[in-house]
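Below: the structure, in structure tokens.
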Amino acid sequence: MKDNIILPSDISGINNTLPKTEVDFIGNNSRIREIYSVINLVSDSTTPVLITGESGTGKDVVARLIHSRSPRAGKPYIAINCAAVPRDVFENELFGHEQGAFTGAISKKMGYFEMANGGTLFFDEIAEMAPETQAKLLRVIESKSLRRLGGKEELFVDVRLLAATNKKMDDAINSGEMRKDLYYRFSVIEIHLPPLRERKEDISILIEYFLSSLCKQQKKNAKKFSDAAFNMMLRYNWPGNVRELKNVIERLVIMCQEDIITPNYLPVNITDSRFQEDTINITVGTSLKNAEREIILRTLNAVDNNKSRAANLLGVSRKALYNKLDRIEG
Ligand SMILES: Nc1ncnc2c1ncn2[C@@H]1O[C@H](COP(=O)(O)OP(=O)(O)O)[C@@H](O)[C@H]1O
Ligand SMILES: [Mg+2]
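Each residue of the sequence shown is one higher than the one before, starting from 812 at the first, in our numbering.
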């Protein structure tokens, strides 16, 4: 007898389109290069991976890359935005149900776990998942099997799990949003994506990449930034990270009729100097020692840990900087 199985409903928050081509993950900063090598190492395994970082830093890109580089590349890739799926239907969508499991369950329904079998399931914004559902997810991870709602049979599933969050996990755990045990299961391998303002040397490569790919996509002549406009793009601190950069360029490609993009085409927040510098907030009452530590570490971050450039910006000798770092790290 053939089972009558309903596929999960097409609710928002679910994206099960297979990446058609290899995803581009652009960047040359040392932390990004380290992330490349971690992606290559973890792609072969089935260990869960937690991807963290501010919104727009490329968490989706990394999840897709891990899948497309893995032996599972030809199998399903299902991305679930946990914030967009209503909590009361989440478990039903995830695990499916048997016919008659509840009023209205007129036929058997397959959940995302079964759909992703052999492939990858990506939980975006994992801290938004209800804690009870998190507990059930953990059980599935440990036992590699599940029961459909109302079902007795244990179904074995082979699914690679990825999760992402833009929250500070310590806070989410303390507030009870994120279960500690599930966090520990996922954080065996954690990939943290730095904000764009901490890898400013990548801005020019990203500009070049988006400008050429978006001009092609929009069937426009190749465009270039004037030096002044380019410098403003480099100095801006990009609170929305790579997503914001891409959106700005897409808009310019469509709106700017000239081949050279001059500052008057740029959005006002980029041309306004108040937004251009990366800022450090130091609370009144901070000790000089801690303030100095913050300034030194943030400067090093901004110049990709290049000690000579940092010393130069800080107005001290390289030797003095090394001495200060010894004290900070010691
Ligand atoms: N390193 C990168 N190289 C190329 N494109 C990127 C990179 N990081 C992000 N993007 C692009 O920026 C946008 C936001 O990235 P996304 O992965 O959705 O961020 P997040 O999930 O962290 O909010 C997407 O259009 C993505 O393709
Ligand atoms: Mg995302």
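C-beta atoms are modelled at their ideal positions from N, C-alpha and C, and glycine is treated no differently.
| Item | Value |
| --- | --- |
| Thinking just about the alpha-carbon of each residue, which of 886, 849, 906, 1117 is nearest to the one in residue 873? | 849 |
| Please report the straight-line C-alpha distance between residue 1004 and residue 910, rounded to a whole angstrom. | 43 Å |
| Secondary structure at residue 935, three-state DSSP: helix, strand or coil? | strand |
| Along the chain, which unbroken stretches of the beta strand (DSSP E) at least 3 residues long are found entirely within the region 914–967? | 931–935 |
| Quick one, which of 1048, 988, 974, 1073 has its alpha-carbon nearest residue 998's? | 974 |
| So, is residue 881 buried or exposed, given that buried needs 16 or more other C-beta atoms within 10 angstroms? | buried |
| Express the C-alpha separation of residue 920 and residue 818 in angstroms, rounding to a whole number. | Reliability fails at residue 818, whose pLDDT of 40 lies under 50, so the model's placement of it is uncertain and the value that follows must be treated cautiously. Cα-Cα distance, rounded: 6 Å. |
| For residue 1137, which three-state DSSP category applies? | helix |
| How big is the Cα-Cα spacing for residue 925 and residue 987? | 29 Å |
| Using only alpha-carbon positions, find the residue among 1103, 1095, 1008, 939 that is nearest to residue 1134. | 1103 |
| Any idea which residues DSSP pairs residue 1072 with across the strands? | 1036 |
| Note down the Cα distance separating residue 877 from residue 1101, rounded to an integer number of angstroms. | 38 Å |
| With H, G and I counted as helix, E and B as strand and the rest as coil, what does DSSP make of residue 972? | strand |
| Quick one: does the C-beta of residue 1115 sit closer than 7 Å to a heavy atom of ligand 1? | no |
| How would you call residue 851, buried or exposed, if buried means at least 16 neighbouring beta carbons within 10 angstroms? | exposed |
| Would residue 944 and residue 913 be called neighbours here (beta carbons separated by less than 8 Å)? | no |
| Could you say which of 866, 969, 942 lies nearest to residue 954 if we only look at CA atoms? | 969 |
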